Amino acid sequence: LSDRLTTVFSSLRSKGKLSDADIDATAREIRIALLEADVALPVVRDFITQIKERARGAEVSQALNPAQQVVKIVNDELINILGGETRRVRYAKSPPTVIMLAGLQGSGKTTLAGKLSRWFKSEGHAPLLVAADLQRPNAVQQLQVLGERAATPVYAPEPGNGVGDPIKVARDSIEHARHAQHDVVIIDTAGRLGIDTEMMQQAADIRDAVGPDEILFVVDAMIGQDAVTTAQAFVDGVGFDGVVLTKLDGDARGGAALSVRHITGRPIMFASTGEKLEDFDVFHPDRMAGRILDMGDILTLIEQAEKAFDADQAEKMSTKFASGEDFSLEDFLEQMQMIRKLGPIKNLLGMMPGMGQMRGQLDEIDDRDLDRVGGIINSMTPDERRNPKMINGSRRARIARGSGVSVTEVNNLVTRFFDAQKMMRQMAGGMGIPGMPGTRR
Ligand code: GDP
Ligand code: MG
20 LSDRLTTVFS
30 SLRSKGKLSD
40 ADIDATAREI
50 RIALLEADVA
60 LPVVRDFITQ
70 IKERARGAEV
80 SQALNPAQQV
90 VKIVNDELIN
100 ILGGETRRVR
110 YAKSPPTVIM
120 LAGLQGSGKT
130 TLAGKLSRWF
140 KSEGHAPLLV
150 AADLQRPNAV
160 QQLQVLGERA
170 ATPVYAPEPG
180 NGVGDPIKVA
190 RDSIEHARHA
200 QHDVVIIDTA
210 GRLGIDTEMM
220 QQAADIRDAV
230 GPDEILFVVD
240 AMIGQDAVTT
250 AQAFVDGVGF
260 DGVVLTKLDG
270 DARGGAALSV
280 RHITGRPIMF
290 ASTGEKLEDF
300 DVFHPDRMAG
310 RILDMGDILT
320 LIEQAEKAFD
330 ADQAEKMSTK
340 FASGEDFSLE
350 DFLEQMQMIR
360 KLGPIKNLLG
370 MMPGMGQMRG
380 QLDEIDDRDL
390 DRVGGIINSM
400 TPDERRNPKM
410 INGSRRARIA
420 RGSGVSVTEV
430 NNLVTRFFDA
440 QKMMRQMAGG
450 MGIPGMPGTR
460 R
């Protein structure tokens, strides 16, 4: 008999799929989280469809409940999408490597140029900054200040010559870089507040004049829903190879990252997190995914649960539970201890999608509770522990005296135990997934 039931259990675990209802309920919460992170609606739709598909194929996890499992899938998939095809800068075979920056005005291009030059230096290169934004009066000077701070030379048109030609400046800068032994050229360009055909044409002309090895699209993380239209306009107008997200030090949740990545398929390469030169790093997909989901605590909880879950112990228990009668008070205690090992999770459960109702059950287990249950069980004879049915009124009174609790508490424990035992029998009949039955009252 026990062999057959062990098979039932292992097939339940290996063949079990997440239910559509579980997936739908959690997907709804995720959808709201993504919209709150300012991910564009069509992107949210695509992404959720994709997630649901993956969740439907997923096996039931032993360590996580279905809602947690869907959150984990979403997080994994976000990291995957944000980090898929992450690559380093492509350097030209014959220097200089030309990096061209494109993006709306105020997106942070000029600041980024300074940061990039500092970064390239730290990677052992000799960069040259090029001021090809001749639109804004102070743009050249702004770059010169940044270049000074980053100790990087700036190539700029001579002052006082009227409005210069940014295409000529860009073209000449490459020649200059060759002579002056600069192996990386970073070209800052002009932007407009909105998408504008003249600006786009100028960027395209600079592109054609210098043949960049990398065109980086610079986008403000605070731009939110507009990221999609802006990114698409730059794909159509100039094209780009990689994305840089700026102003991640602001309070935006960064949905723009997912939108831009999803719409353009281009990798996010760098992240900018402040006005200072050192507020800059290569892009970290896991950090970004956590930020977009804004479920840091839940993600930590999931990690803990996966770690705390002891597969061997569970295997041993479920085999035992399979025969119902064998489930003893000692097992009951062990089971509670296993749940307790998940850590201080009850505060987090309220935030879990669909987990509100579980919180009440878990509230019932704290360390004091566990100690008391342990004390009560210790005051029982070995016979009583193995065969709780024999615990009649006078035995309960004796156990209560011995463990220093009221008879009511002993009664409660015995009731909880029988509930758990009943649940174990139902599970043995294949009616459920091994969960947290010890917490049922
Ligand atoms: P550009 O018009 O694209 O060249 O943008 P700028 O580089 O001139 O940046 C516009 C403004 O945003 C400036 O005041 C910068 O100091 C600021 N800025 C740029 N990057 C960041 C960033 O990552 N975080 C913050 N907080 N401000 C930034
Ligand atoms: Mg600028």
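The opening residue of the sequence shown carries number 20 in full-length UniProt numbering; numbering runs sequentially from there. Glycine is no exception: its CB is placed at the ideal position from the N, C-alpha and C atoms. The model shown is predicted, which means the values in this text are computed figures rather than measured ones.
_With a threshold of 8 Å between beta-carbons, can Ser-80 be considered close to chain D, or not?_
Although the question refers to chain D, the structure presented lacks it and comprises just one protein chain.
*For Thr-129, does the count of other Cβ atoms within 10 angstroms reach 16, so buried, or fall short, so exposed?*
Counting from 1 along the sequence shown, the entry for residue 129 is found at position 110. Result: buried.
*asked:* I'd like to confirm something about Asp-268: is its beta-carbon nearer than 7 Å to some heavy atom of the ligand GDP, or not?
replied: Residue mapping note: residue 268 aligns to position 249 of the sequence shown, counting from 1. Checking the Cβ of Asp-268 against the ligand GDP gives yes.
_Among Ala-250, Thr-265, Leu-267, Lys-266, the one whose alpha carbon lies nearest that of Phe-259_ = As a first step, residue 259 is located in the sequence shown; it is residue number 240 there, counting from the start. The candidate whose alpha carbon is nearest that of Phe-259 is Ala-250.
*So, helix, strand or coil for Met-377, using DSSP?*
As a first step, residue 377 must be located in the sequence shown, where it is residue number 358. Caution is warranted here: a pLDDT of 41 is assigned to Met-377, below 50, making its placement in the model unreliable, and the coordinate value is therefore given only provisionally. The answer is helix: DSSP assigns Met-377 an H, G or I state.
*Assign Ala-170 to one of three DSSP states: helix, strand, or coil.*
Here the question's residue 170 lines up with position 151 in the sequence shown. Three-state DSSP puts Ala-170 in coil, outside helix and strand.
*Is the CB-CB distance between Ala-324 and Leu-83 below 8 Å?*
For the purposes of this step, residue 324 is identified with residue 305 of the sequence shown, where counting begins at 1. For the purposes of this step, residue 83 is identified with residue 64 of the sequence shown, where counting begins at 1. Taking 8 Å as the Cβ cut-off, Ala-324 and Leu-83 qualify as a contacting pair.
*asked:* Using only CA atoms, which one of Leu-120, Arg-168, Asp-152, Leu-153 lies nearest to Lys-140?
replied: As a working note, residue 140 is residue 121 in the sequence shown. Answer by Cα proximity: Arg-168.
*If you measure from the CB of residue 477, is any heavy atom of the ligand GDP nearer than 7 Å?*
Only positions 20 to 460 of the chain appear in this structure, which leaves residue 477 out of reach.
*Helix, strand or coil: which one does DSSP assign to Ser-291?*
Here residue 291 corresponds to residue number 272 of the sequence shown, with the count starting at 1. Ser-291 falls in the strand class under three-state DSSP.
_So for Val-108, helix, strand or coil by DSSP?_
Taking the first residue of the sequence shown as 1, we reach residue 108 at position 89. Residue state, collapsed to three classes: coil.
*Any heavy atom of the ligand MG closer than 7 Å to the CB of Thr-129?*
Counting from 1 along the sequence shown, the entry for residue 129 is found at position 110. Yes, the Cβ of Thr-129 comes within 7 Å of a heavy atom of the ligand MG.
*So, is Lys-71 buried or exposed, given that buried needs 16 or more other C-beta atoms within 10 angstroms?*
Along the sequence shown, read from residue 1 onward, the residue named residue 71 stands at position 52. Answer is buried; the Cβ neighbour count reaches 16.
_Selected residue, minimal CA-CA separation from Lys-441, among Val-262, Leu-264, Glu-322, Ser-347_ = Within the sequence shown, numbered from 1, the residue matching residue 441 stands at position 422. For Lys-441, the nearest C-alpha among the options comes from Ser-347.
_8 Å Cβ cutoff met for Ile-205 and Pro-146_ = The sequence position of residue 205 within the sequence shown is 186, counting from 1. The sequence position of residue 146 within the sequence shown is 127, counting from 1. A contact, by the Cβ cut-off of 8 Å.
*According to the neighbour-count rule (16 or more other Cβ atoms, all chains shown, within 10 Å of its Cβ), is Leu-37 buried or exposed?*
Taking the sequence shown and counting its residues from 1, the one referred to as residue 37 is at position 18. With 16 or more Cβ atoms within 10 Å of its Cβ, Leu-37 is classed as buried.
*Is Leu-147 helix, strand or coil when you go by DSSP?*
Along the sequence shown, read from residue 1 onward, the residue named residue 147 stands at position 128. It is a strand residue.
*Residue ranges of each beta strand (DSSP E) run of no fewer than 3 residues wholly in the region 189 to 263, ordered along the chain?*
203 to 208, 233 to 239
*In the structure shown, what three-state DSSP assignment does Leu-120 receive?*
Position 101 of the sequence shown, counted from the start, is the residue given in the question as residue 120. The answer is strand: DSSP assigns Leu-120 an E or B state.
*Length of the line joining the Cα atoms of Ala-121 and Gln-154*: Position 102 of the sequence shown, counted from the start, is the residue given in the question as residue 121. Position 135 of the sequence shown, counted from the start, is the residue given in the question as residue 154. The straight-line gap from Cα to Cα measures roughly 14 Å.
*Rounded straight-line distance, which links the Cα of Ala-196 to that of Val-188*: Locating residue 188 in the sequence shown gives position 169, counting from the first residue. Locating residue 196 in the sequence shown gives position 177, counting from the first residue. About 12 Å.
*Evaluate the contact criterion for the region 232 to 249 versus the region 263 to 273: three or more CB pairs, one atom per stretch, below 8 Å.*
yes
*Excluding sequence positions up to five away, which residues of its chain have a Cβ less than 6 Å from the Cβ of Thr-171?*
Within the sequence shown, the letter at position 152 stands for residue 171. Closer than 6 Å at Cβ, skipping near neighbours: Ser-136, Pro-146, Leu-148.
*asked:* Please tell me whether, using a cut-off of 7 Å, the distance from the CB of Thr-171 to the nearest non-hydrogen atom of the ligand GDP is below it.
replied: The sequence position of residue 171 within the sequence shown is 152, counting from 1. No, Cβ of Thr-171 sits at least 7 Å from all heavy atoms of the ligand GDP.
*Give a yes or no on contact between the region 106 to 125 and the region 213 to 227, applying the rule of three or more CB pairs nearer than 8 Å.*
yes
*In terms of alpha-carbon separation, which member of Ile-317, Asp-270, Pro-114, Met-288 lies closest to His-198?*
Numbered from 1 along the sequence shown, position 179 holds the residue referred to as residue 198. Out of Ile-317, Asp-270, Pro-114, Met-288, Pro-114 has the C-alpha closest to the C-alpha of His-198.
*What three-state label does DSSP hand Asp-300 in the structure shown?*
In the sequence shown, counting from the first residue as 1, residue 300 sits at position 281. Three-state result, Asp-300: strand.
*Can you give the beta carbon distance from Ile-311 to Leu-277, rounded, assuming they're within the 8 Å contact cut?*
One-based indexing of the sequence shown puts residue 311 at position 292. One-based indexing of the sequence shown puts residue 277 at position 258. Contact flag correct, Cβ pair sits at about 6 Å.
_Whether Asp-395 touches Val-426 by CB criterion (8 Å)_ = Working through the sequence shown from its first residue, we reach residue 395 at position 376. Working through the sequence shown from its first residue, we reach residue 426 at position 407. The amino acid occupying residue 395 in the given sequence is Ile; Asp does not appear at that position. Contact: no.
*Lys-34, DSSP secondary structure in three states*: Working through the sequence shown from its first residue, we reach residue 34 at position 15. In this predicted model, Lys-34 has a pLDDT of only 46, less than 50, meaning its place in the structure is not dependable; the value taken from the coordinates is given anyway. Residue state, collapsed to three classes: helix.
_Are the CB atoms of Arg-73 and Glu-96 within a distance shorter than 8 Å?_
Stepping through the sequence shown from its first residue, residue 96 is reached at position 77. Stepping through the sequence shown from its first residue, residue 73 is reached at position 54. Yes, they are a contact pair.
*Alpha-carbon spacing of Arg-75 relative to Thr-68, whole angstroms*: Locating residue 75 in the sequence shown gives position 56, where the first residue counts as 1. Locating residue 68 in the sequence shown gives position 49, where the first residue counts as 1. Rounded to the nearest angstrom, the two C-alpha atoms are 11 Å apart.
*Strand pairing of Thr-265, partner residues [DSSP]*: Residue numbering aside, residue 265 sits at position 246 when the sequence shown is read from its first letter. Beta-bridge pairing links Thr-265 to Asp-239.
*Going straight from the alpha carbon of Asp-39 to that of Phe-66, what length do you get?*
The residue given as residue 39 occupies position 20 in the sequence shown. The residue given as residue 66 occupies position 47 in the sequence shown. The alpha-carbon atoms of Asp-39 and Phe-66 are separated by roughly 17 Å.
*Whose C-beta lies closer than 6 Å to the C-beta of Asp-202 among residues of the same chain, with five residues either side of it excluded?*
Stepping through the sequence shown from its first residue, residue 202 is reached at position 183. The answer, listed in chain order, is Pro-114, Pro-115, His-144, Ala-145.
*Would you check whether the ligand ZN has a heavy atom nearer than 7 Å to the C-beta of Asp-298?*
As far as ligands go, the structure on display features the ligand GDP and the ligand MG and does not contain the ligand ZN.
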